[in-house]
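See below for the structure under consideration.
Residue numbers (my numbering), protein chains in the order written: chain A, 4 to 337; chain B, 4 to 337.
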């Protein structure tokens, strides 16, 4: 059984080997660039970890692992165009280097390449390292469900920017679609390709979904209360752009009339001092005790996630690697 | 065996039945709009016609027929964003109504929906109306080959705008990828789903590819020499924007030094009278006799296309509908 680091190394080697040096260059160069920017490769790692609960021949499903990473990077290309983002993983975004049209078209090609990888069977003489065709069909369905859901999540995210009545439940559903669904499906696909039972595949999906939700809420929390050095980005970014996060929406729900009025003032302010806005909004957050509310929600989701692993039929020892990974993802000592 | 019109009616009814009224509205409304704009539905019609050479239960593969039409409309959404087009089928383009981001994201969802349809099996008790899974796998491969090729063709088209050394061969390869490949693959997929031999599937592909090339060259020709009433758009559009069509590239190849100099003058002119430019460039075309060159190339491709049908194992009577359709597509009396 390979460790998380060994899996990551295998995935990066396989991405390097993809090359995509077909013609025309202008189509494939942005694809190579996007895939070479690195990242934690969380989705393929999770897929292979789920597969390893049942089988050790991870190379058999490497095309499907690369499909997930290619797909994920496709979403980044198009999201960065839509968000007018400038930097991705410390480098200029594809549309900044080659223009919007290249990011759109190379992104389209990446989505197609992801489907091609998803349906790829490695040629092998040995039937043991050949994915069962019906398992592949099931995995493909899961993949499509995830990719369509991510589009829906992205659209909700866009819609929410223009709405002032977003509820906490709506927000949770949006981040489920936009982030958690693909994490859950990565695990489910790994299980399906390994021939796991539908119940196991579902439990692994549930684990991934809940870890994803916990992770996103922690990201919301760290934007307000994190250590900028550890968090890796400036604190208060969500507050400055009025992003409707769990923190803001829950505060609006819990605030009394005076707090709500003050919050609205900051949300509607067109000119303001950035540090003053962050400090003032955080003071309202503190007053309603939203930090504890969010921490409790994270704990709750994380505990639920770990319980889902208990339901997987392979036994506690085997699932330990996934527990460790989820602790690691949440930045905790396991 | 259903006629072309009956097939078109079936396809339009199936598109209406798709509905796509899932949430969020902002994602699915542009999709419904794009699919409701009509069009000749050439790709699904060709697919069903190829299928009908072997089997009559066209409803069995209706999801795959809709996949092609959904895919084709996805390309229109993204191409219209890239080309800054304003009107499509007499109505404002999706990005004109809902903005670029909606056209990008709803387009992405359409590509995913196309893949979902492509892998869909209609539930049926009768094994006779159930697509053989390995045929479906073959068809899916053909589909992916087509969709990736169309991206490559679109990129070449963009590249050619900035290049001044495009050859006629390069142009032919670009239109093959951008237009003909999908027509050929529509026929090939229909044959594959019907369980036709690989040889038949290939012959049908070749027929579609060559008809597609002939059709595109005819479009180039009509832009210069067409009757604006029959052609449906203003004559000379390609000349005005210096589009590197078969007409222009072949003329450049054949022009003598004086003709070439004159042509270059018009290609480089920054201000000009539109009618004068069209008339002058057409005079150069006339002088090198490019109309006849293009007409001969079209005849040649069309004759080759029809010969491909002779190789299909079902006999001449069965393939007559495809001959008629290709004549109809070329606007000829068959």
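Don't be surprised by glycine CBs; every beta carbon is placed ideally from N, CA and C.
Within 7 Å, strictly: CB atoms of residue i and residue j
i                      : j                      : result
residue 83 of chain A  : residue 91 of chain A  : yes
residue 314 of chain A : residue 206 of chain A : yes
residue 208 of chain A : residue 187 of chain A : yes
residue 158 of chain A : residue 27 of chain B  : yes
residue 75 of chain B  : residue 46 of chain B  : yes
residue 147 of chain B : residue 191 of chain B : no
residue 210 of chain A : residue 308 of chain A : yes
residue 113 of chain A : residue 73 of chain A  : yes
residue 185 of chain B : residue 149 of chain B : yes
residue 156 of chain A : residue 180 of chain A : yes
residue 54 of chain A  : residue 215 of chain A : no
residue 11 of chain A  : residue 35 of chain A  : no
residue 223 of chain A : residue 248 of chain A : yes
residue 220 of chain B : residue 281 of chain B : no
residue 38 of chain B  : residue 18 of chain B  : yes
residue 291 of chain A : residue 269 of chain A : no
residue 97 of chain B  : residue 33 of chain B  : yes
residue 52 of chain B  : residue 325 of chain B : yes
residue 171 of chain B : residue 163 of chain B : no
residue 317 of chain B : residue 143 of chain B : no
residue 225 of chain A : residue 277 of chain A : no
residue 322 of chain A : residue 332 of chain A : no
Residue i, DSSP secondary structure in three states
i                      : result
residue 92 of chain A  : coil
residue 104 of chain B : helix
residue 169 of chain B : coil
residue 246 of chain B : coil
residue 337 of chain B : Note that residue 337 of chain B scores a pLDDT of 49, beneath 50, so its modelled location is shaky; the value from the coordinates is reported in the next line. Here residue 337 of chain B sits in coil by DSSP.
residue 325 of chain B : helix
residue 200 of chain B : coil
residue 283 of chain A : helix
residue 46 of chain A  : helix
residue 317 of chain B : coil
residue 229 of chain A : coil
residue 268 of chain A : helix
residue 4 of chain A   : coil
residue 112 of chain A : helix
residue 25 of chain B  : coil
Bounding residues of the alpha helix (DSSP H) (the contiguous stretch that carries residue i)
i                      : result
residue 275 of chain B : That residue, residue 275 of chain B, is in no alpha helix (DSSP H); it is neither H nor E in DSSP.
residue 301 of chain A : 293-313
residue 188 of chain B : 184-196
residue 15 of chain A  : 7-21
residue 125 of chain A : Where residue 125 of chain A is concerned, there is no enclosing alpha helix (DSSP H), given that its DSSP letter is neither H nor E.
residue 338 of chain A : Past the edges of chain A, shown from 4 to 337, lies residue 338 of chain A, and the structure says nothing about it.
residue 82 of chain A  : 65-86
residue 36 of chain B  : 28-39
residue 237 of chain B : Note, residue 237 of chain B: premise wrong, no alpha helix (DSSP H); not H, not E.
residue 149 of chain B : 136-164
residue 58 of chain B  : Premise fails: residue 58 of chain B is in no alpha helix (DSSP H) and is neither H nor E.
* If contact means a Cβ-Cβ distance below 9 Å, which residues of the region 99-117 of chain A contact chain B? -> Under the 9 Å Cβ criterion, the region 99-117 of chain A contributes 103, 104, 105, 107, 108, 109, 110, 111, 112, 114, 115 and 116.
Contact residues within the region 13-29 of chain B, judged by C-beta distance below 8 Å to chain A | Correct list: 25, 26, 27 and 29.
message = Against chain A, which members of the region 157-177 of chain B pass a CB distance test of less than 9 Å?
response = Against chain A - using a Cβ distance shorter than 9 Å - the residues of the region 157-177 of chain B are 157, 158, 159, 161 and 162.
With 7 Å as the C-beta to C-beta threshold (strictly closer), list the residues of the region 61-89 of chain B near chain A in chain order. If the cut-off is 7 Å between Cβ atoms, the region 61-89 of chain B has 81, 84 and 85 near chain A.
Which residues of the region 176-191 of chain A have a Cβ closer than 7 Å to any Cβ of chain B? Give them in chain order. Taking 7 Å as the upper bound on Cβ-Cβ separation, chain B lies near no residue of the region 176-191 of chain A.
Can you give me, in chain order, the residues of the region 141-155 of chain B that have a beta carbon less than 7 Å from any beta carbon in chain A? Taken in chain order, the members of the region 141-155 of chain B whose beta-carbon sits within less than 7 Å of a beta-carbon on chain A are 143, 147, 150, 151, 154 and 155.
Problem set entry | Where the region 273-298 of chain A meets chain B: residues whose CB sits under 7 Å from a CB there | Per Cβ criterion, the list is empty.
Check your understanding: Which residues, in chain order, does the region 242-272 of chain B contribute to contact with chain A at a C-beta distance below 8 Å?
Key -> Using a CB distance below 8 Å, no part of the region 242-272 of chain B faces chain A.
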